[in-house]
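Visitor: Plus 516 on top of the position in the sequence shown (first one is 1) and you've got the working numbering. Beta carbons are placed, not taken as given, at the ideal position from N, Cα and C, and that holds for glycine. Since this is a predicted model, take the numbers as computed values, not measurements.
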Amino acid sequence: MENKDIFKSVNKKTPSPVNLDEIDLDKITFRPITQGLGFHPEKKEIPIIRSKMSTPRPNQPFSTTFAPAPTLSVPKPKVAMPKIEVKALEVAPFSLRVTAFALDMLIVLVGTAITLFILGLGSGLSIEILVSILGPKDIILFTIGVFSIYFLFYFSILDLSSTAGKSLMGLEMKTIDGKRAGIQNSFFRSLITLFSLPLLGAPAIAEVQEKLSGTKIYKK
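#1: Whose C-beta lies closer than 7 Å to the C-beta of Ala720 among residues of the same chain, with five residues either side of it excluded?
#2: Does DSSP put Thr679 in a helix, in a strand, or in coil?
#3: Looking at Met685 and Asp675, is the spacing between their C-beta atoms short of 8 Å?
#4: Can you tell me whether Lys690 is helix, strand or coil according to DSSP?
#5: Quick check on Lys736: does DSSP put it in helix, strand or coil?
#6: Name the residue from Tyr734, Arg613, Phe704 whose alpha carbon lies nearest to the alpha carbon of Ile673.
#7: For the segment 617–632 against the segment 690–700, are there 3 or more C-beta pairs whose distance is under 8 Å?
#8: Measure how close the beta-carbons of Glu606 and Lys735 come, nearest whole angstrom, since I'm counting them as under 8 Å.
#9: Thinking C-beta only, is Thr679 closer than 8 Å to Asp620?
#10: Do Phe663 and Thr615 have their C-beta atoms within less than 8 Å of each other?
#11: Grab the span of the alpha helix (DSSP H) containing Arg705 for me, first residue to last.
#12: Check the DSSP bridge columns for Arg613 and list the partner residues they point to.
#13: Between which two residues does the alpha helix (DSSP H) holding Gly661 run?
#14: According to DSSP, Thr731 sits in a beta bridge with which residue or residues?
#15: Verify whether the separation of the beta carbon atoms of Asn701 and Gly730 is less than 8 Å.
#16: With respect to the alpha helix (DSSP H) encompassing Gly720, which residues constitute its N-terminal and C-terminal limits?
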């Protein structure tokens, strides 16, 4: 009996007393009591879809390539260009040129006479007294000077477009190649025409002023 009691006492595990002061609570891990009891929901695996697009590297912009849209070529309609008719220049006949020049000369003479009349009135002297003071020669030279200034000014400026006489006759002055005349052309032509007046217009009849100035009188 004693051996059996001793065997039972040896096999029986007696718990040793636990000292709570020696237990380090920070090293003890706690688990929820529901672990392993069937309370956890079943985890479902989510399939990962990998795209064919390349992922951008750090500090690099995201780039994608797109196919260009097809372009439709629409034929342009053919527009017929309007035909520009170039009018051929026609040299004015001699009779029309003489008539236009006579009208322009009349305007210059009237302007010269009005200027001399105003100057005579401004002096406060009669014509007889002016002739006796200045003398016939000086008066004639003064009249020619005023006429020459008016003549050159009238034809040099107005011939750039058309003088009054030429406009009434439907004429205009241009260069030989049909371009618009410049101030040097009109001045040179009027100067030669002025010197041809004492020669009874012989240089003008021979068209010397046209050859030297490079101009002609055309119909509009």
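Guide: The answer reads as follows:
#1: Correct list, in chain order: Thr709, Ser712.
#2: Residue state, collapsed to three classes: coil.
#3: No, the pair does not count as a contact, with Cβ atoms beyond the cut-off.
#4: Annotated three-state conformation of Lys690 is strand, per DSSP.
#5: Shown here, Lys736 sits in coil according to DSSP, grouped into three states, outside any helix or strand.
#6: Nearest C-alpha to Ile673 among Tyr734, Arg613, Phe704: Phe704.
#7: Below 8 Å, too few C-beta pairs join the segment 617–632 and the segment 690–700 to call them touching: fewer than three.
#8: Contact annotation, Glu606 with Lys735: C-beta distance approximately 5 Å; criterion of less than 8 Å satisfied.
#9: Yes, these two residues count as a Cβ contact at 8 Å.
#10: Going by C-beta atoms, Phe663 is not nearer than 8 Å to Thr615.
#11: In the DSSP assignment, Arg705 falls within the unbroken alpha helix (DSSP H) covering 699–712.
#12: Answer is none; Arg613 lacks a bridge partner.
#13: That run of the alpha helix (DSSP H) goes 652–674.
#14: Bridge partners of Thr731: Thr691.
#15: Note that the C-beta distance between Asn701 and Gly730 is below 8 Å.
#16: Before going on, a small fix: residue 720 reads as Ala here, not Gly. From DSSP, the alpha helix (DSSP H) with Ala720 extends over 718–721.
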